[in-house]
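First comes the structure, then the notes that go with it.
Numbering (this note's numbering), first residue to last: 20 to 55.
Below, the structure is given as structure tokens:
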């Protein structure tokens, strides 16, 4: 039971990290495109 919960927790952490990175990358590209 705890193993499944741990796996789900790790999956959520990875999902959050990837989402945060993608959001930052998109925001950076948006900033660069409007800065020129």
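Where a beta carbon is used, it is the ideal one built from N, C-alpha and C, also for glycine.
Pairwise C-alpha distance: residue j and residue i
i          : j          : result
residue 50 : residue 39 : 16 Å
residue 31 : residue 46 : 22 Å
residue 42 : residue 33 : 14 Å
residue 44 : residue 29 : 22 Å
residue 54 : residue 48 : 10 Å
Cβ-based neighbour list, residue i, same chain, cut-off 6 Å, excluding 5 preceding and 5 following
i          : result
residue 36 : none
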